[in-house]
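Taking it in order: structure first as structure tokens, then the write-up.
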Amino acid sequence: MSDPSSQPVVSVRDLHKQFGALEVLKGVSIDARKGDVIAILGSSGSGKSTMLRCINMLELPTSGEVAISGEVIRLKKSGTRTAIADQKQIDRIRTRVAMVFQSFNLWSHMTILENLIEAPVQVQGRHPADCVAEAKALLDKVGIADKIDAYPAHLSGGQQQRAAIARALAMHPDVMLFDEPTSALDPERVGEVLKVIRALAEEGRTMLVVTHEMAFAREVANRVIFLHQGQIEEDGPAKEVFANPKSERFRQFIATAHNH
Amino acid sequence: MDFAFLGQTFLQLFSGIPLTLQLTAVAFVIASILAVLIAIIRTRKIPVLDQIVGFYVFVLRGTPLLVQIFLIYYGLGQFRPTLQSLGLWQFLRDPYWCSILALALNSSAYASEVLRGGLRSVPVREIETARAYGMSGLRLYRRIILPIAIRRALPGYGNELILMVKATSLTSTITLMEVTGIAAKLISGSFRPVEVFVAAGVIYLAINFILTRIIAVIDWWLTPHLRRPKTIAAKLEPTHV
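In structure tokens form, the structure reads like this:
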């Protein structure tokens, strides 16, 4: 699946993030290569969502570096705070890093079709007719072709999340970031969303998935990263780390998760 | 009540409607542009500008419109040489432009507060998502923030428009012959205030009735996402709804 010789699609170097006195990330480094499906696990407060949000700079790291397909995101220091150095650069890079959120976050005033073509047309400057044709195909792929003219509020949670995944795909991203994509769903809706994410993994898409779904991590991810108190406790091929965890904390984490 | 006189009065007052509507429309457009700028400055808390427009809103909301009209119309004469050198005197000596200015400034202060409420109600998550998809600056406002904010502010904003229609009556005090101006003239000639003011009141009522209907239609048209999806569902799945 992943090619170790290629340049990493996502390269995170020694990421630190502090919220006031609270240090959420204490030096995290990750390389994701093309085709990697990385499950990021950890109990709440371990920093996994913050880490993901630092990759597209929705959270600005206190220190450290993020590069997407070899291009380092430029940051600057303004006083003690980090700031974006070049808004144009970050806007451009963000179109290559599509994020899927826990609470879907479809734009409420737009139809599903308008949600899908918004960033491709307005930000990437692609031709509307091409984007519409592609959006139809994407909605078909995630199984909600009939919802193309509906508004987000008229869809179930599972349908909204599948629309949000289609919106991410419409950007032709280099990497997709999933921030607990099934945590806000009713249990009976989780499966339909995981099925879509699994299909994307099988296509060889590069994905980082913050999740609580252990079975999903075990079966779909080719690599598992376990965060604990802002540091990587376990990092390795999914099969290995589940069969033979090196860290005692991860062993406990699997055991507790298993009992639920 | 003399109905023949009432009918005559209506006909004469009708000639003031175009000016009433014109004052409302021109002042409302200017007020809206100012209000958007003020609301954005205050929502983003842009240093210095935020304090200046905050004071502007405080003063304009805290003083009567009539006082503002008098200050602009009678007060600005003191600064005539300066205004002449700026080329503004030809506008500001004219009661029409003084009225527009007073109405626009006054309404911009109120409308900016209505819009600010709309801006504050835009879900943070939808803005964050737009950022994550490469939007920033003006594009973020144009595509996501303002469309949502304006929809949410529209009912309150419609109220502003109606207040503006009624506020135009104050411009009769600086000689404008809109509906109320004509009414005052008719009374001084006939000494029949009841018929004349009843007629004037009915005209304002009719204008505002039509405007509230128009606003309700615009609101309905802009917010399909807040309605039950009946029409959409019926269109897509005609067999089972």
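Just so you know, the sequences run in chain order G and S.
Position one of the first sequence corresponds to residue 69 (the numbering used here), numbered consecutively onward.
Position one of the second sequence corresponds to residue 475 (the numbering used here), numbered consecutively onward.
From the three backbone atoms N, C-alpha and C, an ideal C-beta is built for every residue, glycine too.
In this text the structure is predicted, and so the values were computed from the model without any measurement.
Within-7 Å CB hit, residue i to chain S
| i | result |
| --- | --- |
| G:T163 | yes |
| G:D159 | yes |
| G:M167 | yes |
| G:S176 | yes |
| G:L120 | no |
| G:N312 | no |
| G:V210 | no |
| G:V140 | no |
| G:V189 | no |
| G:L83 | no |
| G:L126 | yes |
| G:Q155 | yes |
| G:N173 | yes |
Which residues DSSP lists as bridging residue i, in chain order
| i | result |
| --- | --- |
| G:E91 | G:Q86 |
| G:H296 | G:Q299 |
| G:L276 | G:I106, G:L245 |
| S:A576 | Answer by DSSP bridge pairing: none, since S:A576 is not bridged. |
| G:A100 | G:V78 |
| G:E139 | G:I136 |
| G:P305 | G:R291 |
| G:V165 | G:V243 |
| G:I152 | G:L143 |
| G:S131 | G:H84 |
Buried or exposed (CB count within 10 angstroms, at least 16 for buried), residue i
| i | result |
| --- | --- |
| G:A153 | exposed |
| G:S79 | buried |
| G:K263 | exposed |
| G:E139 | exposed |
| S:K519 | exposed |
| G:N312 | exposed |
| S:A583 | buried |
| S:F488 | exposed |
| S:A585 | buried |
| S:W695 | exposed |
| S:S573 | buried |
| G:K314 | exposed |
| G:K85 | buried |
| S:F532 | exposed |
| S:I619 | buried |
| S:Q525 | exposed |
| S:I677 | buried |
| S:I684 | exposed |
Any chain G beta carbon closer than 7 Å to residue i
| i | result |
| --- | --- |
| S:P712 | At S:P712 the pLDDT is 49, less than 50, meaning the model places this residue with poor confidence; the figure from the coordinates comes in the next sentence. It does not: the Cβ of S:P712 has no partner Cβ on chain G nearer than 7 Å. |
| S:I619 | no |
| S:R567 | no |
| S:I622 | yes |
| S:E600 | yes |
| S:A478 | no |
| S:A627 | no |
| S:Y607 | yes |
| S:T645 | no |
| S:S610 | yes |
| S:T517 | no |
| S:A576 | no |
| S:T483 | no |
| S:T649 | no |
| S:T603 | yes |
Residue i and residue j closer than 7 Å at C-beta
| i | j | result |
| --- | --- | --- |
| G:A234 | G:L276 | no |
| S:Y547 | S:I692 | no |
| G:G226 | G:R273 | no |
| G:L253 | G:K116 | no |
| S:I622 | G:H177 | yes |
| S:A501 | S:A606 | no |
| G:M125 | G:I158 | yes |
| G:A269 | G:V105 | yes |
| S:R590 | S:A513 | yes |
| G:V96 | G:I300 | yes |
| G:P188 | G:A236 | no |
| S:L493 | S:E652 | yes |
| G:Q228 | G:F284 | no |
| G:Q190 | S:R617 | yes |
| G:L109 | G:M167 | no |
| G:L90 | G:L83 | no |
| G:R230 | G:V210 | yes |
| S:R626 | S:G675 | no |
Under 8 Å from the C-beta of residue i: neighbouring residues of chain C
| i | result |
| --- | --- |
| S:P698 | The structure shown has no chain C; the protein chains it does contain are G and S. |
Give, in chain order, every unbroken run of the alpha helix (DSSP H) that is at least 4 residues long and sits entirely within the stretch 502-551 of chain S. 523-536, 539-544
For a minimum of 4 consecutive residues, which ranges assigned as the alpha helix (DSSP H) are wholly contained in the stretch 600-660 of chain S? 611-614, 620-641
Whole alpha helix (DSSP H) elements within the stretch 191-215 of chain G, 4-residue minimum: 196-209
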